[in-house]
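In what follows, a single structure is set out as structure tokens and then discussed.
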Amino acid sequence: MARRKSERALIRDIARQRMEILYEMASKLFEELPELAQRYIDLIRKISMKCRVRIPRHIKRRICKHCGTFLVPGVNCRVRLRTNRYPHITITCFNCKRQIRYPYKVNRVKKRS
Ligand SMILES: [Zn+2]
15 MARRKSERAL IRDIARQRME ILYEMASKLF EELPELAQRY IDLIRKISMK
65 CRVRIPRHIK RRICKHCGTF LVPGVNCRVR LRTNRYPHIT ITCFNCKRQI
115 RYPYKVNRVK KRS
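For reference, each letter of the sequence shown is one residue, going 15 to 127 in the numbering used here.
Right under this line is the structure:
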């Protein structure tokens, strides 16, 4: 039993490493070969599903939740900070025209002594 457990941990580790590598390559390649970069992003999603490993947060935020597009700010998505109701980041995907919202916490300004 213990062996199986460590095997699973190993698979998860490798999956995470692969996702990091693919993400790095996708970011580098995007300008020259956007199709290939997109393919790497698709691979990240596949790895995550097959190995049942979460996509690291910094990578997940660069992938459209709705259509799976690799989001590059200023190129195929718009990033805006909004504070109505609660502080959040709105990312508009230009591919599917839908929005993704991520809340963020505001660091309260420290009281002056
Ligand atoms: Zn989209």
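Virtual Cβ for every residue (Gly too), placed ideally from N, Cα, C.
Terminal residues of the continuous alpha helix (DSSP H) containing residue i?
i: Ile73; result: 71 to 74
Indicate the three-state DSSP secondary structure (helix, strand or coil) for residue i in the structure shown.
i: Arg53; result: helix
i: Leu85; result: coil
i: Pro117; result: strand
i: Leu95; result: strand
i: Leu47; result: coil
i: Arg59; result: helix
i: Arg22; result: helix
i: Tyr37; result: helix
Give the DSSP bridge partners of residue i, in chain order.
i: Ile105; result: Val93, Ile114
i: Ile28; result: Paired residue(s): none; Ile28 is not in a bridge.
i: Ile77; result: Phe84
_Does the contact criterion of 3 or more C-beta pairs under 8 Å hold for the stretch 50 to 68 versus the stretch 23 to 36?_
As far as the Cβ criterion goes, the stretch 50 to 68 touches the stretch 23 to 36, which means the pair count is three or higher.
*In chain order, what are the residues with a CB under 7 Å from some non-hydrogen atom of ligand 1?*
Here the residues close to ligand 1, judged by CB distance below 7 Å to any of its heavy atoms, are Cys78, His80, Cys81, Thr83, Cys107, Asn109, Cys110, Arg112 in chain order.
*Evaluate the contact criterion for the stretch 102 to 119 versus the stretch 76 to 84: three or more CB pairs, one atom per stretch, below 8 Å.*
yes
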